[in-house]
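A.B. asks:
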Amino acid sequence: MTNEAIQEGYPSDQFAVFSSHNSKIKYTFDKIREVKSHKVGDLFSAYRDILWDDGRHKYNVSSFIGEIDEILLGERFSAFDQSTLDNLIGTLRQRGNSNATINRKMAALSKLLRKAYKMGDIHSLPEFRRQKERAGRIRFLERDEEARLFAAIRSRSEDAYRLSVFLVDSGCRLGEALGLIWNDIQEHRVSFWITKSGRSRTIPMTERVKEVIKLPPTEGRRPKGPFTKLSQAQYRAIWNDAKAEVGLGADDQVVPHILRHTCASRLVQGGIDIRRVQMWLGHQTLSMTMRYAHLATNDLDGCVTVLETPRSSGAANNVESSVFSSPLTTPSASKPARKSKSEAAKAPGKGSKAN
Numbered sequence: 001m002t003n004e005a006i007q008e009g010y011p012s013d014q015f016a017v018f019s020s021h022n023s024k025i026k027y028t029f030d031k032i033r034e035v036k037s038h039k040v041g042d043l044f045s046a047y048r049d050i051l052w053d054d055g056r057h058k059y060n061v062s063s064f065i066g067e068i069d070e071i072l073l074g075e076r077f078s079a080f081d082q083s084t085l086d087n088l089i090g091t092l093r094q095r096g097n098s099n100a101t102i103n104r105k106m107a108a109l110s111k112l113l114r115k116a117y118k119m120g121d122i123h124s125l126p127e128f129r130r131q132k133e134r135a136g137r138i139r140f141l142e143r144d145e146e147a148r149l150f151a152a153i154r155s156r157s158e159d160a161y162r163l164s165v166f167l168v169d170s171g172c173r174l175g176e177a178l179g180l181i182w183n184d185i186q187e188h189r190v191s192f193w194i195t196k197s198g199r200s201r202t203i204p205m206t207e208r209v210k211e212v213i214k215l216p217p218t219e220g221r222r223p224k225g226p227f228t229k230l231s232q233a234q235y236r237a238i239w240n241d242a243k244a245e246v247g248l249g250a251d252d253q254v255v256p257h258i259l260r261h262t263c264a265s266r267l268v269q270g271g272i273d274i275r276r277v278q279m280w281l282g283h284q285t286l287s288m289t290m291r292y293a294h295l296a297t298n299d300l301d302g303c304v305t306v307l308e309t310p311r312s313s314g315a316a317n318n319v320e321s322s323v324f325s326s327p328l329t330t331p332s333a334s335k336p337a338r339k340s341k342s343e344a345a346k347a348p349g350k351g352s353k354a355n
C-alpha cells in the first residue's frame, strides 16, 4: 500500500499522517483530553467563591453540599448519572426532607455541576426535575403580636428595634436592609441595589420608616448606613430572645423573614393589586407574589349578596341591578313595536305637507 492510499483511506482529520521513505507513520492526539474524577466537596471548594457571594445563603449551600457529599460517601466521579441523582433524592426524602427542601438542595447541586461541566471537570449531567411543592400556610404577625415583640426587642437594642420597624414597613429582606448605605436613601424613598433577584428597586417610605432611619445623636464617627452597626447573627440572637419572652418561642415560623410576609399580607388585605405588591417586594416572577392572593377576599364579597338574595323577591328578574350583571345576563333594550299596515297607511309620509 502506498503512502497516498493510506492518506486517502484514513477517515479522520484529527490524526496527522506522516511518512518517509521507510514508510514510518506517526499519529498525534492533540484534541483528546483526559477527564479526571472528583468529589462533590472538591468541586464546591473549587467554585464556591465564584458561584456564591458571602453571606447566609452561601453558608446554607455549604451545609447542603456537605450533606450530599456525606450521602454519596465521598465517591469520586467523572459523570454524574441519573441513577445517582435519583438515589440521592430518595435518601433525602427518607430523612424527612420536604419537596421544598429537596428543591433547594438540588438547586445548589445543579448550579455546582453545571459549572463543573462547563469547565470540563465532568462530561455528563443528569436531568434535574423540580419536585412538586405543596402550598403551605403563610404566617404573619397580628398587630398585637408585632407590638409585644417589638417592645421586647427595643428593651434589648434600640438599633434592632429600628431595623424591625424598617423591615415590616418596607417588606425588604434582612440582607437588603443591612446592606443599605446613606446614598440609597433620597428624600421620601429608599433604593435597594443588592437584592436576591439581582434587580434593583425603589419604594416610598412610611412615616415610621422615616423616623427609624434617623440615627440617635451619638459621639464618634457616623456609620456607613442606617443599620450597619448590626450583623445578621446579632439581630437573630436578639430576635430569638425577644420572641421567647413574649411567648412565641415555640413557633418556628416566627423568624425575621416573617416581617416580609407581614408587609405583603397587609398590602394585599388593604386592597393593593397583586402586580403592585410584586413590584414592592421585588419578586422576580408574579407566581411568587400569588402566594398572598388568597388574602384579597374583598373581590368575592359580591358572591355573598347573590347567594343570600331570596328567589321570591324578584331579584332574579331584575338582572340589571345584579352586582355581576354582564352583556350575557342583562336583557337588551326592547325594540319599538312594528306598526300595522293600516296605521302605516294613515301616517303621513316624509314628503307630505302638514295641514
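For the sequence shown, position 26 (counting from the first letter as 1) is numbered 26 according to UniProt numbering, and the numbering increases by one without interruption.
Note that beta-carbon positions come from the ideal geometry of N, C-alpha and C, so glycine has one too.
As the structure is a prediction and not an experimental result, all values here were calculated from the model.
#1: Quick check on V190: does DSSP put it in helix, strand or coil?
#2: I believe D184 touches L230 by the beta-carbon criterion, under 8 angstroms. Please report the beta-carbon distance rounded to the nearest angstrom.
#3: Output the boundary residues of the alpha helix (DSSP H) element that contains R236.
#4: Taking the alpha-carbon positions, what's the C172 to E127 distance?
#5: Are I71 and T101 touching if we call contact CB-CB under 8 angstroms?
#6: Within 10 angstroms of the Cβ of G198, are there 16 or more other Cβ atoms? Answer buried if so, exposed if not.
#7: May I ask which residues mark the beginning and end of the beta strand (DSSP E) holding I138?
#8: On the premise that A177 lies in contact with L163, defined as a C-beta separation below 8 angstroms, what is that separation, rounded to the nearest angstrom?
#9: Tell me whether D86 is buried or exposed, calling it buried when 16 or more other Cβ atoms sit within 10 Å of its Cβ.
#10: So what's R48 in DSSP terms, helix, strand or just coil?
#11: Out of R48, E145, S63, which one is the CA nearest neighbour of residue 436?
#12: Based on DSSP bridge pairs, tell me the residues matched to H38.
#13: The alpha helix (DSSP H) spanning R104 covers which residue range?
#14: Please state if the CB of I238 and the CB of S157 are separated by a distance shorter than 8 angstroms.
#15: In the structure shown, what three-state DSSP assignment does R201 receive?
#16: What whole-angstrom Cβ distance do R137 and V165 have, given they're in contact under 8 angstroms?
#17: If you run the structure through DSSP and keep just helix, strand and coil, what is I185?
#18: Beta-carbon within less than 8 angstroms of I274's beta-carbon, same chain only, minus the 5 sequence neighbours each way: which residues are those?
#19: Candidates V61, I68, V168: which alpha carbon is nearest E142's?
C.D. replies: Reading off the structure:
#1: Indexing the sequence shown from 1 puts residue 190 at position 190. Three-state DSSP puts V190 in a strand.
#2: Walking along the sequence shown from the start, residue 184 turns up at place 184. Walking along the sequence shown from the start, residue 230 turns up at place 230. For a cut-off of 8 angstroms, the C-beta gap from D184 to L230 is around 16 angstroms, too long to register as a contact.
#3: By one-based count along the sequence shown, residue 236 stands at place 236. 232 to 245 is the extent of the alpha helix (DSSP H) around R236.
#4: Position 172 of the sequence shown, counted from the first residue, corresponds to residue 172. Position 127 of the sequence shown, counted from the first residue, corresponds to residue 127. Each residue's CA atom was taken as its position, placing C172 and E127 some 34 angstroms apart.
#5: Translated into the one-based positions of the sequence shown, residue 71 becomes position 71. Translated into the one-based positions of the sequence shown, residue 101 becomes position 101. The Cβ-Cβ distance between I71 and T101 does not fall below 8 angstroms.
#6: Against the sequence shown, residue 198 aligns to sequence position 198. With a 10 Å radius around the Cβ and a threshold of 16 neighbouring Cβ atoms, G198 comes out exposed.
#7: What you label residue 138 is simply residue 138 of the sequence shown in a count that begins at 1. Looking at the DSSP string, I138 is not in any beta strand (DSSP E), and its letter there is neither H nor E.
#8: Here residue 163 refers to the residue found at position 163 when the sequence shown is read from its first residue. Here residue 177 refers to the residue found at position 177 when the sequence shown is read from its first residue. 6 angstroms between Cβ atoms; contact.
#9: For this step, residue 86 is matched to residue 86 along the sequence shown. That one is exposed.
#10: Residue mapping note: residue 48 aligns to position 48 of the sequence shown, counting from 1. R48 falls in the helix class under three-state DSSP.
#11: No answer is possible for residue 436: the residues shown for the chain start at 1 and end at 355.
#12: Here residue 38 refers to the residue found at position 38 of the sequence shown. Paired residues: F77.
#13: Counted from its first residue, the sequence shown places residue 104 at position 104. R104 -> alpha helix (DSSP H) spans 99 to 118.
#14: Counting from one through the sequence shown, the residue named residue 157 turns up at place 157. Counting from one through the sequence shown, the residue named residue 238 turns up at place 238. Taking 8 angstroms as the Cβ cut-off, S157 and I238 qualify as a contacting pair.
#15: Start at 1 with the first residue of the sequence shown, and residue 201 comes out as number 201. It is a strand residue.
#16: Position 137 of the sequence shown holds residue 137. Position 165 of the sequence shown holds residue 165. Between the beta-carbon of R137 and that of V165 there is about 25 angstroms, and that puts the pair past the 8 angstroms contact cut.
#17: Looking up residue 185 in the sequence shown gives position 185. Note: I185 maps to strand in three-state DSSP.
#18: Position 274 of the sequence shown, counted from the start, is the residue given in the question as residue 274. Closer than 8 angstroms at the Cβ level, and outside the excluded window around I274, lie V268, L286, T289, M290, Y292, A293, A296.
#19: Position 142 of the sequence shown holds residue 142. Measuring from the Cα of E142, the nearest candidate turns out to be V168.
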